[in-house]
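**Q**
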Amino acid sequence: MSVEAQQGITTSRIPAGLGGLFPALILIGLFFVVPVLALLLRSVTDPAPGLQNYAALLGDGTYVRVFFNTFVVAFVVTIVTVVVAFPVAWMLAIMPPALASILFGIIILSMWTNLLTRTYAWMVLLQRTGVINRALMGAGIIDQPLPLINNLTGVTIGMVYIMLPFMILPLVGTLRAIDPMTLRAAALCGASPFAAFRRILLPLSLPGIAAGGLMVFVMSLGYFVTPALLGGTSNMMLAEMIAQMIQSLLNWGLGSAAAFILLVVTMALYALQLRLVGSKRAAGGA
Amino acid sequence: MKLIFAGILAGLMATTAAKADEMVFTSWGGTTQEAQTKSWAEPFTTSSGIKVLQDGPTDYGKLKAMVDAKNVTWDVVDVEMDFAIKAAKDGLLEPIDFAVVPKADLDPRFSNENAVGSFYYSFVLAWNKGAVSGEPGSWADMFDTKKFPGKRTFYKWSAPGVIEIALLADGVPADKLYPLDLDRAFKKLDTIKSDIVWWGGGAESQQLIASGEAAFGQLWNGRVFALEKDGADVGVSWNQNLTAADVLVVPKGARNKDGAMKFLAAATSPTGQAKFAEASGYAPINTKAKAEMPADVVKGLPDAHVDGQINLDMNYWAEHRDEIATRWYAWQAK
């Protein structure tokens, strides 16, 4: 059964169960919409009514650079996550179910471990006097420790590690829906493995990549702990800057404005993705 | 539906209602707060019957949020003095009740209408003996990457200290530091920027130096004291040590204000201050405390190193806090 067909069935069932949405809507309304509106209000009233917070953010080179950094990091993390996750997802999709469920268990288990613990573990591994650098220096491969932490490398490694499950899970769903016969047919018609991958597997798995990629990208945009611990100040991300504005500068108007811009940009990206991939396909396989 | 909400609200209010025999003390965690708990909170609970709940770490954003929302769950908070001066101006703090807290013996440098001293400390130059050859002897050495190669660690947040260190290293005389020449300071810091690892909290600074991840750095003297006590191989230079203070404040609208004032009286008493100084290596703010301390502990305190000591100007910082912070974070993000 194709992804579209599954979606078609669910869509037609929604109206009958509409009443069941209310608890979730009330929860989201009270604990998401109301605070976001309060945030928006603060961003245009604190310290004085007007748009000066937005003008300050968009007119200042530093803040613009932090916005830019945030998108660069999120983009790099998303690309690397896709590249690493794809082979894993493909293995999971074609593996015997019993073995696959064990591997799934391992992947899910990593998500249950505390985020801070996992990030600190990476610090121990990556720092100049850390396990990786010591091992490489001990083996005589390098004489100077590699700069693996407090920079983009550290942030990327730490975040890709945390984001992998969010990419693998939707991708497996999409890949499993692909009929393996299509690949066999391609081979029979003389396509090389790479051509089969590029012209059959990749296009068919795009909805899963798009769904997972969007999730990873959006989550990365607002990430705090991992960039704060594994990154340096020169590739600071937006969430850390907002924390500084709120905690250290006590400039809540500016912090609210920054948070609101992030929200708007994220929603705009989501809308763009819906247009490009189509709403049904974007949700497919997830 | 209404009934359910009313029930939830009533439940919330019941659990958060102030209890006269309970108060909350908030500080920075780690070895410092442990010492405060042992030296102040535990004896205070024994003598007054008021239970002291520990919370932390101190978060200025949270403090402001509590006061703004009129839902203050912290009764006494340990904060940096420049913040206390600024916060008092913004109306975030209760005045200290000096009818309850004896003022006579408090060092006037560290107390005002809205704050009493908690302890005072020095930023000192500390290094990992295994990672540094030779002995760095001044802040200028921290900027000399040829003579002293390796990563150096500085305090990450915008606060008194690093700007002054850069200016001193650049040759500004101690008595000409203020008003701070920010352009000159950032230019000097630019010269070693790629060698800086920032520490955001005391425990992190200890970990960086003890592991040799940073060869040397600017540390709070109490954190170096704790490292030495643990047997870490660290060196310390008190040359040009920079003093600053932490103070204790009561947020406006604190639930147990009476208990808070009594706690302040105990914490700033000669005995409370002597015990804390002994446990932490930070200096007491009660002038009578030293009489109650062993001589060898007194020798290790910041006020045994007044030669070349520089007092960071808290009033200047309170006045220019936002302006410096904006430039500081902009420079860091570059």
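Chains A and B, in that order, give the protein sequences.
Going from the first sequence to the numbering used here is simple: count from 1 and add 54.
Going from the second sequence to the numbering used here is simple: count from 1 and add 1258.
Glycine is no exception: its CB is placed at the ideal position from the N, C-alpha and C atoms.
1. CA-CA distance, GLY1470 (chain B) and GLN1498 (chain B)?
2. Mind checking who LEU1440 (chain B) pairs with in its DSSP beta bridge?
3. Taking DSSP as the reference, what is the three-state secondary structure of PHE85 (chain A)?
4. Kindly indicate which residue of B:ASN1386, B:GLU1371, B:ALA1525, B:ALA1323 has the alpha-carbon position closest to the one of GLY1475 (chain B).
5. Between the stretch 191-204 of chain A and chain B, which residues of the former have CB atoms less than 8 Å from a CB of the latter, in chain order?
6. Which one of A:ALA154, A:ILE232, A:MET213, A:LEU237 has the shortest CA to CA distance from LEU283 (chain A)?
7. Nearest CA to the CA of TRP1456 (chain B): which residue from B:GLN1312, B:ALA1293, B:ALA1591?
8. Please tell me whether LYS1322 (chain B) has its Cβ less than 7 Å away from any Cβ of chain A.
9. Taking only the alpha-carbon atoms, compute the straight-line gap between ALA297 (chain A) and ASP1554 (chain B) and give it to the nearest angstrom.
10. Could you run through the stretch 290-306 of chain A and flag, in chain order, every residue whose CB is less than 7 Å away from some CB of chain B?
11. Of all Cβ atoms in chain B, is any one closer than 7 Å to the Cβ of THR116 (chain A)?
12. In whole angstroms, what separates the C-alpha of ASP1491 (chain B) from that of GLN301 (chain A)?
13. Less than 7 Å between the beta carbons of ALA268 (chain A) and ALA139 (chain A), yes or no?
14. Between which two residues does the beta strand (DSSP E) holding ILE1454 (chain B) run?
15. What residue ranges within the stretch 1484-1528 of chain B form continuous alpha helix (DSSP H) runs of no fewer than 4 residues, ordered along the chain?
16. Going by beta carbon distance, what residues of the same chain come within less than 7 Å of ALA340 (chain A), once the five residues before and after it are set aside?
17. Check this for me: beta carbons of THR1501 (chain B) and SER1380 (chain B), under 7 Å apart or not?
18. How would you list, in chain order, the residues of chain A whose beta-carbon sits under 7 Å from the beta-carbon of GLU1471 (chain B)?
19. Please classify ASP1313 (chain B): does DSSP put it in a helix, a strand, or coil?
20. Comparing the C-beta of ALA1357 (chain B) with each C-beta of chain A, is any distance below 7 Å?
21. Three or more C-beta pairs under 8 Å: does that hold for the stretch 1397-1404 of chain B against the stretch 1447-1467 of chain B?
22. I'd like to confirm the pairing. Which residues does DSSP put opposite VAL1282 (chain B) in its beta bridges?
23. Work out the CA separation of ALA109 (chain A) and SER246 (chain A) for me, nearest whole Å.
24. Can you tell me whether ASN1573 (chain B) is buried or exposed? The criterion is at least 16 other CB atoms within 10 Å of its CB, across all chains shown.
25. So what does DSSP say about TRP306 (chain A), is it helix, strand or coil?
26. How would you call VAL1482 (chain B), buried or exposed, if buried means at least 16 neighbouring beta carbons within 10 angstroms?
27. Threshold first: 4 residues or longer. Then list the alpha helix (DSSP H) segments lying entirely within the stretch 103-168 of chain A, N to C.
28. Per DSSP, what kind of secondary structure is VAL319 (chain A) in: helix, strand or coil?
29. Mind checking the stretch 262-273 of chain A against chain B and listing, in chain order, the residues whose C-beta falls within less than 7 Å of any C-beta there?
30. When the Cα atoms are used, what is the spatial distance from ALA1389 (chain B) to ALA1468 (chain B)?
31. So what does DSSP say about PHE271 (chain A), is it helix, strand or coil?
32. Counting along the chain, where does the beta strand (DSSP E) carrying TYR277 (chain A) start and finish?
33. With H, G and I counted as helix, E and B as strand and the rest as coil, what does DSSP make of PHE1406 (chain B)?
34. For a test of the three-state rule: what should DSSP assign to GLY1395 (chain B), helix, strand or coil?
35. Run through chain B and tell me which residues come within less than 8 Å of VAL120 (chain A), C-beta to C-beta.
36. Chain A partners of VAL1455 (chain B), CB-CB under 7 Å?
**A** So, from the data block:
1. 23 Å
2. For LEU1440 (chain B), which the question treats as bridged, DSSP gives no partner whatsoever.
3. helix
4. B:ASN1386
5. ASN204
6. Residue A:MET213 is the option with its Cα nearest to LEU283 (chain A).
7. B:ALA1591
8. yes
9. 42 Å
10. MET290, GLN298, ILE300, GLN301, SER302, LEU303, LEU304
11. yes
12. 35 Å
13. Before going further, note that residue 268 (chain A) is Leu rather than Ala in the sequence given. Against a cut-off of 7 Å, the Cβ pair of ALA139 (chain A) and LEU268 (chain A) comes out as no contact.
14. Taken as a continuous stretch (DSSP letters only), the beta strand (DSSP E) holding ILE1454 (chain B) covers 1454-1457.
15. 1515-1525
16. For ALA340 (chain A), the pLDDT reaches just 40, beneath the cut-off of 50, and the residue's location in the model is therefore unreliable, although a value from the coordinates is still provided. So the qualifying residues of the chain are PRO224, GLY227, ALA265.
17. yes
18. Here the neighbours are GLN181, ARG182, THR183.
19. In the structure shown, the three-state DSSP call for ASP1313 (chain B) is strand.
20. When Cβ-Cβ separations below 7 Å define contact, ALA1357 (chain B) makes no contact with chain A.
21. yes
22. B:LEU1311
23. 55 Å
24. exposed
25. helix
26. buried
27. 106-113, 115-148, 151-166
28. DSSP, read as helix, strand or coil, puts VAL319 (chain A) in helix.
29. none
30. 10 Å
31. PHE271 (chain A) falls in the helix class under three-state DSSP.
32. No beta strand (DSSP E) contains TYR277 (chain A), which DSSP labels as neither H nor E.
33. In the structure shown, the three-state DSSP call for PHE1406 (chain B) is coil.
34. coil
35. ALA1591
36. Within chain A, the C-beta atoms nearer than 7 Å to that of VAL1455 (chain B) come from ASN204, in chain order.
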